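Visitor: Sharing a structure here in structure tokens format.
Set out below in structure tokens:
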């Protein structure tokens, strides 16, 4: 009897602990909604349509519906929302094909003896801290873009509007490339694992019909792993949307204008929250804190939708080893 | 569907009984060429994607070994920004601060996560609640770390008035580690062979005993892998710490409250903008140390522990 009681207690205590995951999500969303309420009341939909961010930190305090804010301050998320979406979009355009290519190399082309060290490098790629990617971006990628790639693009494609005009040192293209690198290991490792699960019999049937290796990959392996690959790309998108430090270092820190070419400086929601650390303290009305909470809430909503879709697509089954979990 | 082989070819074979070599699939040469071309393209793509990692490892190993010295490892960053070319200043405060914050956060996240995982693997029978928990754990793992940092700032720094502190930073990082620990524990426990548990059950052990004495022991390598990899993520986090830990030039072991604390990623993020050689060198050194930590953790987790778990499995 005492034993039975012990088991029951153990069960319910661990049940509460596992429920912490649920509680945390609700706490995060609850806190963000609660904190962004003043901004929602004062600025309403202007928050989503304005491209100007001007906190008027030195002005005087006005009141709207009893809520304190700086007179004449404008807060528009549009520049940062655009930056987030565009940089992640570029990251997907470049990163997803490259990552799926890497996955095909690992699962289908490279011999096992070569595939495992490459896999290790790829796993390391997932483990390198975001801020180090950013630092590398400043030291290597941005100078390269400025001196070579962007100049080349703007010379050879000057008739295409998005590739023409002045070349900046850090901006949209640099952010997109860095993000592409960072999402590659996520997409590649999940896609590789999914491709490796293709039943050997299906591939052998293809071989017996005289298909070449690429035809087997294209007509048998890729269709078999398609859902998981799309899911992994969605997971990569979720990561890119919320990526902070790397982008903060190479985005160029734009504010109050929208990018017109691939070379423009941009800013993303995640990076901007980092840059606004000081404003959170220096705004005498405290409105900046509320507006940033609203921005965080918007980012949270976007990444959550993307991640939920991704989770539904990536089949649960093949995440079976603890060390594979980390990229997912 | 069109047949893959030339029909005339097979007819000829039947009529004349002459052997004209193996039957060639249609467009054989073109398809072979395409096969080679795509393979080459994929290999080029793989090399292009992996090149930056190799470059990152090489660049920072090279720079790091240039700037590393004993004094830089045992002195604090106080005075590092001075324009004196022989300025003192090292990373002791940041190294110890990172270890302190990450140590504290695993003290919070590991017990919660491991026993949460025990429920999912051993008690839940995959009921509705457990699938909801799994789903939310996955969602939590996908929340951008800057959001965790900002919520930590709103709740801990402002509302609970902890100010910038190691404790606040550790709580935020533990939120980051928690979902990984839960899921890694669950997966590791589910890989423990049922035979062992059933044997113990047949001998009259209680469920509690089986979990604590058998399952957790056999799952230990997997659990440790999960914990180590989530530690390596925490060590490299910057965004959540900016809003919760601040930064300090001095070593402090005070967890709470209104006491800022140093950490390595801050040095990487900010010191390269300080126009003195020493500060820039320190940001290279901090990068080098971070990569070293991540590398060691990854090797231990993926190679060492995998071997350990294989040993355990072979003894069953």
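Chains as they are written, first to last, in my numbering: chain X, 1107 to 1434; chain R, 43 to 358. Built from N, CA and C at the ideal position, the CB exists for glycine as well. Note that the coordinates shown come from a computational prediction; the quantities given were computed from them, not determined experimentally.
Hey, out of R:94, R:184, R:228, whose CA is closest to residue 1070 (chain X)'s CA?
Guide: Chain X is shown from 1107 up to 1434; residue 1070 (chain X) falls before or after that span and cannot be answered.
Visitor: Please state the DSSP three-state secondary structure of residue 1261 (chain X).
Guide: helix
Visitor: Just tell me which of X:1276, X:1386, X:1379 has its CA closest to the CA of residue 1371 (chain X).
Guide: X:1276
Visitor: With distance defined between alpha-carbon atoms, name the residue in R:231, R:190, R:239, R:215 nearest to residue 263 (chain R).
Guide: Cα-wise, what sits closest to residue 263 (chain R) is R:231.
Visitor: Start and end of the beta strand (DSSP E) containing residue 1175 (chain X)?
Guide: 1173–1176
Visitor: I want to see whether chain X comes within less than 8 Å of residue 137 (chain R), judged by CB atoms only; does it?
Guide: no
Visitor: Taking 8 Å as the cut-off, decide whether the C-beta atoms of residue 1183 (chain X) and residue 1404 (chain X) are in contact.
Guide: Taking 8 Å as the Cβ cut-off, residue 1183 (chain X) and residue 1404 (chain X) qualify as a contacting pair.
Visitor: Would a C-beta distance cut-off of 8 Å place residue 309 (chain R) and residue 134 (chain R) closer than the cut-off?
Guide: no
Visitor: On the CB-based measure, 16 or more other CB atoms within 10 Å of its CB, does residue 1177 (chain X) come out buried or exposed?
Guide: exposed
Visitor: Looking only at C-alpha atoms, which of X:1231, X:1250, X:1208 sits nearest to residue 81 (chain R)?
Guide: Per the Cα distances, X:1208.
Visitor: Using a Cβ cut-off of 8 Å (strictly closer), state whether residue 161 (chain R) contacts chain X.
Guide: yes
Visitor: Following the continuous alpha helix (DSSP H) through residue 1168 (chain X), name the residue where it begins and the one where it ends.
Guide: Where residue 1168 (chain X) is concerned, there is no enclosing alpha helix (DSSP H), although the beta strand (DSSP E) around it starts and stops at 1167–1170.
Visitor: Quick check on residue 1159 (chain X): does DSSP put it in helix, strand or coil?
Guide: In the three-state reduction of the DSSP assignment, residue 1159 (chain X) falls in the strand class, which pools E and B.
Visitor: Going straight from the alpha carbon of residue 1324 (chain X) to that of residue 1222 (chain X), what length do you get?
Guide: 23 Å
Visitor: Less than 8 Å separating the beta-carbons of residue 84 (chain R) and residue 1339 (chain X)?
Guide: The Cβ-Cβ distance between residue 84 (chain R) and residue 1339 (chain X) does not fall below 8 Å.
Visitor: Taking only three categories from DSSP, how would you classify residue 118 (chain R)?
Guide: Residue state, collapsed to three classes: coil.
Visitor: With 8 Å as the C-beta to C-beta threshold (strictly closer), list the residues of the segment 301–335 of chain R near chain X in chain order.
Guide: 307, 310, 311, 314, 325, 329, 332, 333
Visitor: Quick test of your reading: residue 256 (chain R) and residue 244 (chain R), contact by CB under 8 Å. State the CB separation rounded to the nearest angstrom.
Guide: Rounded, the Cβ-Cβ distance is 13 Å, inconsistent with contact.
Visitor: Helix, strand or coil for residue 1180 (chain X), going by three-state DSSP, please let me know.
Guide: The answer is strand: DSSP assigns residue 1180 (chain X) an E or B state.
Visitor: Answer yes if the segment 1307–1317 of chain X comes into contact with the segment 1199–1213 of chain X, meaning at least three C-beta pairs across the two stretches below 8 Å, and no otherwise.
Guide: no
Visitor: Within 10 angstroms of its Cβ, does residue 176 (chain R) collect 16 or more other Cβ (buried), or is it exposed?
Guide: With 16 or more Cβ atoms within 10 Å of its Cβ, residue 176 (chain R) is classed as buried.
Visitor: If you scan the segment 133–211 of chain R from start to end, which runs of the beta strand (DSSP E) of 3 or more residues do you find wholly inside it?
Guide: none
Visitor: At a CB distance below 8 Å, what residues from the segment 253–281 of chain R approach chain X? Give them in sequence order.
Guide: In summary, the residues of the segment 253–281 of chain R whose CB is separated from some CB of chain X by less than 8 Å are 253, 264, 265, 267, 268, 271, 272, 274, 275, 277, 278, 279, 280, 281, in the order they occur in the chain.
Visitor: Given a cut-off of 8 Å on the beta-carbon distance, is the pair residue 106 (chain R) and residue 326 (chain R) in contact?
Guide: Judged by beta-carbon spacing, residue 326 (chain R) lies within the 8 Å limit of residue 106 (chain R), meaning their Cβ atoms are closer than that value.
Visitor: Within the chosen definition, does the segment 1223–1243 of chain X reach the segment 1353–1370 of chain X through at least 3 CB pairs nearer than 8 Å?
Guide: yes
Visitor: Span of the alpha helix (DSSP H) holding residue 1267 (chain X)?
Guide: Taken as a continuous stretch (DSSP letters only), residue 1267 (chain X) belongs to no alpha helix (DSSP H), as it is neither H nor E.
Visitor: Is the Cβ-Cβ distance between residue 292 (chain R) and residue 118 (chain R) less than 8 Å?
Guide: yes
Visitor: Compute the beta-carbon to beta-carbon distance between residue 146 (chain R) and residue 297 (chain R), rounded to the nearest angstrom, for a pair I have assumed lies under 8 Å.
Guide: 6 Å
Visitor: Can you tell me the Cα-Cα spacing of residue 1350 (chain X) and residue 1406 (chain X), whole angstroms?
Guide: 13 Å
Visitor: In whole angstroms, give me the CA-to-CA distance for residue 340 (chain R) and residue 270 (chain R).
Guide: 8 Å
Visitor: Quick one: is residue 1265 (chain X) buried, meaning 16 or more other Cβ sit within 10 Å of its Cβ, or exposed?
Guide: exposed
Visitor: Alpha carbon to alpha carbon, how far is residue 1344 (chain X) from residue 1424 (chain X)? Give it in angstroms, no decimals.
Guide: Interpretation of residue 1424 (chain X) is limited by its pLDDT of 47, a score under 50 that renders its predicted location unreliable; the figure taken from the coordinates is listed afterwards. Going from the Cα of residue 1424 (chain X) to the Cα of residue 1344 (chain X) covers about 20 Å.
Visitor: Between the alpha carbons of residue 1186 (chain X) and residue 1154 (chain X), how many angstroms are there, rounded?
Guide: Going from the Cα of residue 1186 (chain X) to the Cα of residue 1154 (chain X) covers about 10 Å.
Visitor: Between the Cα of residue 1380 (chain X) and those of X:1398, X:1322, X:1280, X:1188, spot the shortest distance and give me the residue it belongs to.
Guide: X:1398
Visitor: Run the CB neighbour count on residue 1159 (chain X), radius 10 Å, all protein chains shown included, and call it buried at 16 or more, exposed below.
Guide: buried
Visitor: Do the CB positions of residue 1126 (chain X) and residue 334 (chain R) come within less than 8 Å of each other?
Guide: No.
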